[in-house]
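One structure below.
In full-length UniProt numbering, the protein residues as written are 1 to 282.
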């Protein structure tokens with residue numbers, strides 16, 4: 001779908017833009033929009049469930065440190081980050097409401113593990129842990145976003161309306177992938193602690209995603225053992241180039257002492273996806 005030209009490591013981030021498009025998703029989300037495949041549609045929809053509460057947590061984590069940021073450029077990036085994430089929250093609230101209405105889900109128990117965890121962390125967690133968790137979740141989100149916009153396998157069979165929605169979300173996640181990381185470096189700087197949080201976060205992400213997919217499938221009337229078997233065996237997740245395998249492969253670089261998110265340059269991808277979206281919504 002899109003090519004990815006790497007540039008020299010450590011180059012500066014790109015200008016950030018708040019994009020708003022008139023997404024018309026409700027009819028598509030009532031279907032198995034992922035190439036008619038029920039299981040893959042459920043997995044893709046499950047990725048949306050934690051985003052509203054997660055994005056609110058990310059904003060809160062960075063807002064705590066806003067006045068401690070010395071760089072005017074970084075402070076401005078944080079403010080644009082707030083606007084991008086607020087827009088993502090609004091759109092994913094609608095997305096989650098529609099899949100619940102049309103696929104028979106009860107949102108409260110599906111969302112509860114994420115919402116309860118995030119709210120507890122915001123209320124009782126130390127600010128450093130909240131920020132480190134945000135850095136790790138933002139990096140994992142950026143990895144998934146990079147996969148979606150760089151590898152045609154992931155969205156080629158998707159309904160175009162839903163495909164463009166995920167491309168929109170992904171391009172902004174790639175665009176602001178270093179903001180929380182740069183704030184953490186300036187106000188905390190403890191890479192060893194950050195690596196510890198990342199290791200826990202990776203495991204939690206994989207477990208939560210599969211648990212949420214099981215909940216959703218059961219609410220559609222499916223038998224638990226059917227989707228559990230699929231989740232355990234499908235190359236879509238666990239194959240050599242499956243989603244979870246690709247995430248693990250990409251995250252390994254994070255543990256380098258000198259790692260920075262812009263060591264992997266996505267600017268060409270951002271330009272290509274932005275042009276595609278401008279054309280699609282012209």
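Idealized CB from N, CA, C, for every residue including glycine.
Query, Result
"I need the DSSP call for residue 158, collapsed to helix, strand or coil.", "strand"
"Considering Cα atoms alone, identify which of 18, 26, 21 is closest to residue 159.", "26"
"Flag this pair as touching only if the segment 139-154 and the segment 12-22 have three or more C-beta atom pairs under 8 Å; answer yes or no.", "no"
"Just reading off the alpha helix (DSSP H) that residue 124 is part of, what are its end residues?", "107-124"
"DSSP on residue 34, reduced to helix/strand/coil?", "strand"
"Along the alpha helix (DSSP H) that carries residue 294, what are the first and last residues, could you check?", "Residue 294 lies beyond the range of the chain shown here (1 to 282); nothing can be said about it."
"Give me the Cβ distance between residue 69 and residue 183, rounded to the nearest whole Å; I'm assuming they're in contact under 8 Å.", "6 Å"
"Would you mind giving the Cβ-Cβ distance between residue 250 and residue 244, rounded to the nearest angstrom? I have them listed as a contact below 8 Å.", "About 11 Å; that fails the 8 Å criterion."
"Hey, out of 87, 207, 106, whose CA is closest to residue 221's CA?", "106"
"Which same chain residues, not among the five before or five after residue 219, have their C-beta less than 7 Å away from its C-beta?", "104, 105, 106"
"Taking just the CA atoms, how far does residue 90 sit from residue 186?", "30 Å"
"For residue 132, does the count of other Cβ atoms within 10 angstroms reach 16, so buried, or fall short, so exposed?", "buried"
"Under 8 Å Cβ to Cβ from residue 37, same chain only, skipping five residues before and after it: list those, please.", "157"
"Please report the Cβ distance between residue 75 and residue 66, rounded to the nearest whole angstrom; I am assuming they are in contact, meaning their Cβ atoms lie under 8 Å.", "7 Å"
"Residue 246: buried (16+ other C-beta within 10 angstroms of its C-beta) or exposed?", "buried"
"When you compare only the Cα positions, how much space is there between residue 34 and residue 164?", "13 Å"
"Taking only the alpha-carbon atoms, compute the straight-line gap between residue 196 and residue 269 and give it to the nearest angstrom.", "30 Å"
"Whole angstroms are fine: how far does the CA of residue 54 sit from the CA of residue 30?", "24 Å"
"Among 62, 46, 45, which has the Cα closest to the Cα of residue 188?", "62"
"Please return the same chain residues whose Cβ sits closer than 6 Å to the Cβ of residue 95, not counting the five positions on each side in sequence.", "48"
"Might you give, ordered along the chain, the residues of its own chain that have their beta carbon closer than 7 Å to the beta carbon of residue 2, omitting 5 neighbours on each side?", "Note that residue 2 scores 40 on pLDDT, short of 50, meaning its location in the model is unreliable; the coordinates nonetheless yield the value given after this. Answer for residue 2: 149, 150, 269, 272, 273, listed in chain order."
"Identify whether residue 21 lies in helix, strand or coil by the three-state DSSP scheme.", "coil"
"Using beta-carbon positions only, say whether residue 51 and residue 92 come within less than 7 Å of one another.", "yes"
"With 16 as the cutoff for other CB atoms within 10 Å, does residue 170 come out buried or exposed?", "buried"
"Mapping DSSP to helix, strand and coil, what is residue 49?", "coil"
"Contact defined as beta carbons within less than 8 Å: I believe residue 198 pairs with residue 46. What is the distance between those atoms, to the nearest angstrom?", "At roughly 21 Å, the Cβ-Cβ gap does not stay under 8 Å, so residue 198 and residue 46 are not in contact."
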